[in-house]
Amino acid sequence: MFHKNNNSNIVYAYGFMIRLLIITFIALFFSNCSFEKMFYYPDKTLTNQNKADSLGFELVNFPSKNGKVIYGYFAIPKDSIFGAILLLHGNAGNISDNISSIETLQNAGFEVLAIDYQGFGISQGEVTHQNLVDDAESALTYLEEKTNKKNIPIIVLGRSIGGHLAVKIAHAHQTEIKAMVIEGAFTSHNAIAVAASPFWLQPFALLLVKSDYKASKLLKEVKIPKLIIHSTEDEVIPYWMGVELYNKAIEPKEFWQIKGCHICGMWLYNDDYIKKIKELISVCP
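Residue 2 is where the sequence shown starts when you use my numbering, and the numbers rise one by one after that.
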């Protein structure tokens with residue numbers, strides 16, 4: 002009695018798939034926070050702490066807007082200071098994966114504050130899009146206090162999802178931040194979700210992924226000097242997104258096309274990277 006002909010089997014299978022997709026859609030729609038977390042892959046274990054200590058990195062902490070404690074590394078150069086950099090990492094790992102980048106910037110004469118968002122490393126709380134914004138804004142306030150009376154420019158440097166976040170922070174704090182550098186950034190949460198999804202899932206990704214802000218839109222109003230970096234070989238964030246961000250941005254701006262893996266610019270083009278950051282702040286008002 003359970004045997005069906007082929008046509009009936011096909012109809013039954015398609016009907017089951019449609020019902021499953023509808024149930025999945027409803028479940029995801031009403032649990033957007035859970036869906037939002039799919040963007041992030043935090044690592045709660047800090048590694049290479051001995052190296053961080055040997056480089057003189059200070060493990061600092063400060064409260065985010067919701068009271069959760071945020072941790073980060075603060076590094077001071079040995080010689081003259083060109084500026085202070087707020088370093089915003091990507092959607093995976095933690096600050097200990099960025100020790101070599103912090104060291105590079107420190108050796109080039111920059112104070113560096115690299116933070117772990119809520120849920121990353123030993124920072125308290127849980128990761129959400131909004132918490133990232135709150136954490137970065139709290140970090141900016143903390144960095145301002147650290148650099149008070151030094152009369153040095155503050156630069157926000159974000160990579161991957163940190164690049165998208167950097168645009169949001171720069172847009173809201175153009176008085177405090179003097180320049181912005183982003184590498185391997187995407188245009189919006191919605192757009193990268195669609196780009197990363199199979200064709201049949203793209204309509205769902207477009208509907209389900211919430212994005213309170215879009216870098217491609219905000220860049221039309223960011224007036225500070227901007228350096229946008231993207232690799233033509235980026236296997237994570239499509240190169241065209243970097244181009245679109247540049248095209249949407251207003252002057253002053255520069256686009257630096259590189260080769261190599263996703264957000265590998267500082268490792269592959271060390272000297273040029275530092276040179277371009279210093280050139281960027283030289284045009285700061």
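Glycine is no exception: its CB is placed at the ideal position from the N, C-alpha and C atoms.
In this text the structure is predicted, and so the values were computed from the model without any measurement.
Leu133 has its alpha-carbon roughly 11 angstroms from the corresponding atom of Tyr41. DSSP, reduced to helix, strand and coil, places Gln258 within a strand of the structure shown. In this structure, DSSP gives Asn49 a state outside helix and strand, which the three-state scheme calls coil.
Between Val182 and Leu281 a beta carbon distance of about 7 angstroms is seen, short of the 8 angstroms cut, so the two are scored as contacting. In this structure, Gly185 lies near Gly91, with their beta-carbon atoms less than 9 angstroms apart.
In this structure Val195 is in contact with Ala206, their Cβ atoms being roughly 5 angstroms apart against a cut-off of 8 angstroms. Under DSSP, Ser232 forms a beta bridge with Ile259. Ile278 and Gly84 have their C-alpha atoms spaced approximately 10 angstroms apart.
Within the model, the alpha-carbon separation for Pro226 versus Ile178 is close to 10 angstroms. Between the region 39 to 56 and the region 96 to 105, the count of Cβ pairs shorter than 8 angstroms is three or higher; the stretches touch. The beta carbon of Ser198 is closer than 6 angstroms to those of Ala206 in its chain, skipping five residues each way along the sequence. Checking the DSSP bridge columns, you'll see Met181 partnered with Val157 and Lys227. Taking 8 angstroms as the upper bound for CB-CB distance, Glu112 and Leu56 are not in contact here, some 13 angstroms apart. About 6 angstroms separates the Cβ atoms of Leu166 and Ala137, confirming a contact at the 8 angstroms cut-off. Counting only runs of at least 3 residues, the region 87 to 156 fully encloses the following beta strand (DSSP E) elements, listed from N- to C-terminal order: 111 to 116.
Taking C-beta atoms under 8 angstroms as the contact rule, Asp80 and Ile96 fail to qualify, at a distance of about 24 angstroms. With fewer than 16 other Cβ atoms from the protein chains shown falling within 10 Å of its own Cβ, Met39 counts as exposed.
When DSSP reads this structure, Ile71 sits in a beta bridge with Phe63. Spatial neighbours of Gly159 in its own chain (CB-CB distance under 6 angstroms, excluding positions within 5 residues in sequence) are listed in chain order as Leu89, Leu166, Ala167 and Ile183.
The alpha-carbon separation between Gly163 and Glu222 amounts to approximately 19 angstroms. Collapsing the DSSP output to three states places Pro204 in a helix. Secondary structure of Tyr42 (DSSP, three-state): strand.
Between Thr129 and Asp213, the alpha-carbon positions lie close to 12 angstroms from each other. Judged by DSSP secondary structure, Glu245 falls within the alpha helix (DSSP H) whose first and last residues are Tyr240 to Lys249.
Rounded to whole angstroms, Ile193 and Pro64 show a C-alpha spacing of 30 angstroms.
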